[in-house]
Amino acid sequence: MSAIRTSKLKKTFDEVVAVDDLTITVTEGEIFGLVGPDGAGKTTTMRLLTAIMEPTSGDAWVAGFHVVKEAEAIKERIGYMSQKFGLYPDLSVMENINFYADIYGVPRKGRSKRIDELLAFSNLTPFKQRLAGNLSGGMKQKLGLACALIHTPKVLFLDEPTNGVDPVSRRDFWRILYQLLREKVTIFVSTAYLDEAERCNRLGLIYKGQILALGTPDEVKQIMPGAILEIRVADSRKAYQLLKKELREESVGLFGERIHIVTRDPQKVESEAAKILQDAGIDASAPRPIEPSLEDVFVSVLAEQERSEQAR
Amino acid sequence: MKLYRTWAVARKEYLHIIRDPRSLGMGIVIPVILLLLFGYALSLDVDNVPTVVWDQSESQVSRDFLSGFQGSPYFSIVKFVHGYGEVDRAINSAEALAALIIPRDFAQLIEAGRAAPVQLIVDGSDSDTADTAIGYAETVAQSFSQQVAVREVQRKTGRTLDLPLDYRPRTWYNEDMESKNYIVPGLIAVIMMVIAALLTSLTIAREWERGTMEQLISTPVKGPELILGKLFPYFTIGMFDVLLAVLMGEFLFDVPLRGSVPLLFGMAAVFLVGALSLGILISVVTKSQLLASQLAMVLTFLPSFLLSGFMYAISNMPQPIQIITYVIPATYFVSLLKGIYLKGVGLEVMAIQAGLLGAFGVVMVILANDKFKKKLE
């Protein structure tokens, strides 16, 4: 059974189309990542699926309930962590958790055990009495997660949960998410970080409200138009400028000491690039095809999209 | 609607209040200050009108006439002057608000049994005081005329004259005509209206501004649970304010409380539900703390202050304005409080006011619930 299913889900604000005919399915028990740049429609999608915003048209079902007709039934079964810290800074960690436990009607019996568990795996136990406003960014996120999990939801929605959080806290956060999968929680997470996208079971690349790619990280990498050639070179800046000038047809990117050339014709470009560098007397490794990272895929897919829009 | 969720919201709101000294200050200190300020400063009594006298007659008769003014609590003769120039200066410099001018031939005219003209000049730039001073002066002059007439008849006929009319005015409910006795009960109504609306006007808007509302509307909490839960702690503060105000009226202002105390608090409770819900409604509609507090102030303070019958009698207002006063809830609470305080009457005569106050509460609660949506725009 699918935890989330949408069909031509659409949301427009006046003239702007924020979410455009979104059709996706998220299977129970997986981590689904909604990946895209700022303003792509990630937050609007979250709000439509958590039934706190009405779609302009289309349908969506979460945990088997319709987001418009059965909004309240959905709210009983989901946990949601909005992008902006949504808890009360003037209440302590325990007061925030207890408030949400009361709101969700978590039975008194077994409640303290559940709270202890949540505090323990989010490492918040020593900070029980601290005011939420005095927590660090990473701890705030974990408290938000604890509050969203207090009633053991079926589907967890996380809107850019690690935005602005330090790398160590981000790693901790993802460790917690993996633990949740064992409890059969479906996780729908949005992110602009591609290393996080890589950790999802499946992901959708969203741009200007439309899904451009959908699948496992490996499947998504397959949609890469053409291939990537990598060249390692000490004086990478000079080589980069040169290749960019000579290879006008291709997309050339600079990553530290590495240069990536995205091309549809790798054989031809491989020899061309080697010749250009040799002629210029630059000492470089021979160009070799590499497996694209998600970042490469997204950059090229987005560039492709922009080009086709401009052409139209 | 689930009681445990309402209760959870109430407890959370209570924590917000005790953690934020400003909201406590606004809820308790400001009403007390307002009551002190208005209770002491706002006196509508006209007494000791400073008066200058130009007595050109300087006779026994004119001194008799003046003693009527000297003995009155309403006038205070500050100076004897000689000439209109001095009268002019005294009134211009606000040394005096009234001037009494007795002509040179005052005594002769009276003794000859003819009408003696007496001039009263009042400062019309304070027209309320001027009106009242003229009224008081007329009374003093009338009674002096009567005395003279009675004496004249007695001298001519040798027997006492009984006046055909024995006029005995008596003021009920506020025997000494002290304005504080009707100002303080009305003031409680006005202050409660303003403070109650102001307190709750911030609550919902604050959650929208801070982003905590987005989290909250993704939970199963229902609109009525949220609104009632938020009302509860502020209702407690409001009732505490009423208690403080009643105690201040009793011990500080010596306002007689003749009616039923439970009825007073019961009506205050009904009124508070309406005023607090109005604040919530404003908060729900504006979603902005600044806008909400300003709107709450404008919608409550001026109408309650000017049009509720607290300061000015509604019966003296022009017809269109009188109609407006009917939609101002403080109107009913002011008249209920005055009734309970000064007249000692109960629901047997004020059922309509009480009913309308209840209707206001019900309408506000319904509107606030109806306008609150668990959705983002």
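Top to bottom, those sequences are chains A and B. Those letters in the first sequence? Residues 1 to 312, per this note's numbering, in order. Those letters in the second sequence? Residues 1001 to 1377, per this note's numbering, in order. The beta carbon of each residue, even a glycine, is placed where N, CA and C say it ideally should be.
Check, Outcome
"If you count every other CB in all the chains shown that lies within 10 Å of the CB of G1124 (chain B), and 16 or more means buried, which is it?", "exposed"
"Could you check the C-alpha separation between E1377 (chain B) and A1292 (chain B) for me, to the nearest Å?", "18 Å"
"Nearest chain A C-beta to Q1322 (chain B) closer than 8 Å, yes or no?", "no"
"In chain E, which residues lie with their C-beta within 7 Å of the C-beta of M53 (chain A)?", "Here chain E cannot be found, since the structure's protein chains are A and B."
"Is it buried or exposed, H151 (chain A), if we count other Cβ atoms within 10 angstroms and call 16 or more buried?", "buried"
"For P167 (chain A), is the classification buried or exposed, using 16 other Cβ atoms within 10 angstroms of its Cβ as the cut-off for buried?", "exposed"
"Pairs of beta-carbons, one from the stretch 285–305 of chain A and one from the stretch 180–195 of chain A, closer than 8 Å: are there three or more?", "yes"
"Measure from the alpha carbon of A1275 (chain B) to the alpha carbon of each residue in B:R1206, B:F1253, B:L1357, then state which is nearest.", "B:L1357"
"Does DSSP classify T1129 (chain B) as helix, strand or coil?", "helix"
"Since S251 (chain A) is in the beta strand (DSSP E), which residue starts that stretch and which ends it?", "251–255"
"Tell me the residue span of the beta strand (DSSP E) that contains Q1119 (chain B).", "1119–1122"
"Give me the Cα-Cα distance between I282 (chain A) and G138 (chain A), rounded to the nearest whole angstrom.", "46 Å"
"What does a CB cutoff of less than 6 Å around A3 (chain A) pick up in its chain, not counting 5 residues either side in sequence?", "V26, E28, V155, T186"
"What does a CB cutoff of less than 6 Å around G1039 (chain B) pick up in its chain, not counting 5 residues either side in sequence?", "V1184, F1253"
"Which of helix, strand or coil does DSSP assign to V1087 (chain B)?", "helix"
"Relative to the C-alpha of K1287 (chain B), which residue among B:K1371, B:G1229, B:L1243 is closest?", "B:K1371"
"Kindly list, in the order they appear in chain B, the residues whose Cβ is closer than 7 Å to that of R47 (chain A).", "L1376"
"Specify the secondary structure class of Q1056 (chain B) as computed by DSSP and reduced to three states.", "coil"
"Please name the residue, chosen from B:D1166, B:E1250, B:S1143, B:V1221, that lies closest to N1181 (chain B) on a Cα-to-Cα basis.", "B:E1250"
"In chain B, which residues lie less than 8 Å from Y178 (chain A) when you measure between Cβ atoms?", "Correct list: empty, because the minimum Cβ distance to chain B is about 23 Å."
"Determine whether the Cβ of I1217 (chain B) lies closer than 8 Å to any Cβ atom of chain A.", "yes"
"Using DSSP with H/G/I as helix, E/B as strand and the rest coil, what is E943 (chain B)?", "Outside the modelled stretch of chain B, which goes from 1001 to 1377, sits residue 943 (chain B), for which no answer is possible."
"Determine which residues share a DSSP beta bridge with I290 (chain A) and list them.", "A:I228"
"F188 (chain A) touches chain B at which residues, Cβ-Cβ below 7 Å?", "Those within 7 Å of F188 (chain A) in chain B number zero; the least Cβ separation is about 13 Å."
"Is there at least one non-hydrogen atom of the ligand COA closer than 7 Å to the beta-carbon of G64 (chain A)?", "Among the components of this structure there are no ligands whatsoever, and the ligand COA is therefore not found."
"Enumerate, from N- to C-terminal direction, the unbroken alpha helix (DSSP H) stretches of 4 or more residues contained entirely within the stretch 1122–1200 of chain B.", "1127–1157"
"Return the residues of the stretch 59–76 of chain A that lie within a Cβ-Cβ distance of less than 7 Å from chain B, sorted by chain order.", "E72, K75, E76"
"Report the three-state DSSP secondary structure of L1384 (chain B) (helix, strand or coil).", "The shown model of chain B, from 1001 to 1377, leaves out residue 1384 (chain B), and the question about it has no answer."
"Specify whether the stretch 142–150 of chain A and the stretch 63–72 of chain A touch according to this definition: at least 3 beta carbon pairs, one from each stretch, less than 8 Å apart.", "no"
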